[in-house]
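Written out below as structure tokens is the structure these notes cover.
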Amino acid sequence: MHRPQPISRKDLIVATPTPGSLLLTPKDHALVLIDFQSQMAFATHSIDAVSLRNNAALIAHAAAGFKVPTVLTTVAEKSFSGPMFDEITAAFPGQELLDRTSMNTWEDANVIKTINAIGKKRLVFAGLWTSVCIVGPTLSALDQGFEVYVITDACGDVSAEAHERAIDRMVQAGVRPMTSLQYMLELQRDWARTETYDMTTGIAKKYGGAYGLGIIYAKTMFGAHEG
Numbered sequence: 225m226h227r228p229q230p231i232s233r234k235d236l237i238v239a240t241p242t243p244g245s246l247l248l249t250p251k252d253h254a255l256v257l258i259d260f261q262s263q264m265a266f267a268t269h270s271i272d273a274v275s276l277r278n279n280a281a282l283i284a285h286a287a288a289g290f291k292v293p294t295v296l297t298t299v300a301e302k303s304f305s306g307p308m309f310d311e312i313t314a315a316f317p318g319q320e321l322l323d324r325t326s327m328n329t330w331e332d333a334n335v336i337k338t339i340n341a342i343g344k345k346r347l348v349f350a351g352l353w354t355s356v357c358i359v360g361p362t363l364s365a366l367d368q369g370f371e372v373y374v375i376t377d378a379c380g381d382v383s384a385e386a387h388e389r390a391i392d393r394m395v396q397a398g399v400r401p402m403t404s405l406q407y408m409l410e411l412q413r414d415w416a417r418t419e420t421y422d423m424t425t426g427i428a429k430k431y432g433g434a435y436g437l438g439i440i441y442a443k444t445m446f447g448a449h450e451g
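Just so we're on the same page, our numbering is the position in the sequence shown counted from 1, plus 224.
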């Protein structure tokens with residue numbers, strides 16, 4: 225009869241109620257929003273324009289609400305690509321847009337100066353197009369030792385194939401993918417955090433799709449409260 229070997233104390237794993245180090249917090253990263261502009265959106269077909277704008281708005285307002293340092297950058301804003309989405313700039317009134325000529329944001333000296341001034345080792349990216357304007361800076365940031373995340377449903381490309389292959393390429397290199405609603409809820413993490421509860425549920429009600437409708441229904445019909 226086989227008798228199980230006793231587990232030695234040194235091999236025993238003890239769980240503690242603490243979050244994992246790979247989870248994002250409002251203070252441990254910067255958000256970089258790239259080329260959410262009209263001309264770039266016209267040719268985006270991997271995601272519909274309504275969902276794209278909605279998801280971009282959700283992460284922008286979440287970042288602003290949680291006071292996450294955020295870089296807003298455009299390419300050829302005045303001469304070709306047009307203004308950044310209102311849904312994003314409304315979350316950061318008066319913030320300067322860093323306009324570039326380079327397709328790879330990481331090759332722009334003003335953007336890098338801003339990122340260095342923020343001083344966060346962990347960076348989260350979203351923007352248009354995935355295969356060009358997101359692949360370029362994420363792989364460049366990885367190469368220089370940064371931890372890199374991409375909000376995949378707040379990115380888009382000229383085709384589903386282009387978007388998916390770009391995500392594959394980044395993930396294979398070490399980029400960590402996530403989604404827009406996941407981003408906001410990861411920053412909130414605990415409904416007992418009352419100081420940001422109303423802000424988080426308010427953004428979800430406005431930009432959170434079916435989840436937001438569920439919050440509206442529960443609060444209206446039953447006075448429900450997540451906490």
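Beta carbons: idealized from backbone N, C-alpha and C, even for Gly.
Fair warning: this is a prediction, and the values are worked out from it, not measured in the lab.
Item                                                                                                                 : Value
With 16 other CB atoms within 10 Å as the buried threshold, where does E320 fall?                                    : exposed
Expressed to the nearest angstrom, what Euclidean distance is found between the alpha-carbon atoms of D332 and A300? : 13 Å
May I have the straight-line CA-CA distance separating G436 from Y407, to the nearest angstrom?                      : 15 Å
Would T403 and D381 qualify as a contact pair, given that the criterion is a beta-carbon distance under 8 Å?         : no
May I have the straight-line CA-CA distance separating L176 from R227, to the nearest angstrom?                      : Any property of residue 176 remains undetermined from this structure, which presents the chain solely from 225 to 451.
What's the C-alpha gap between S364 and S383?                                                                        : 23 Å
Buried or exposed: where does D259 fall if 16 or more other Cβ atoms within 10 Å of its Cβ makes it buried?          : buried
Mapping DSSP to helix, strand and coil, what is T242?                                                                : coil
Can you give the Cα-Cα distance for F290 and I312, rounded to whole angstroms?                                       : 15 Å
By the three-class DSSP mapping on this structure, what secondary structure does Q261 have?                          : strand
Can you tell me where the alpha helix (DSSP H) holding M402 begins and where it ends?                                : Segment 400-402 is the beta strand (DSSP E) holding M402; no alpha helix (DSSP H) there.
Confirm, please, whether the CB-CB distance from T297 to V238 is below 8 Å.                                          : no
Alpha carbon to alpha carbon, what distance is there between A386 and D414?                                          : 36 Å
By how many angstroms is the C-alpha of N328 removed from the C-alpha of Q396?                                       : 19 Å
Bridge partners for D253 per DSSP, in chain order?                                                                   : Residue 253 is actually His in this sequence, not Asp. In the DSSP output, where bridge partners are listed per residue, H253 has R346.
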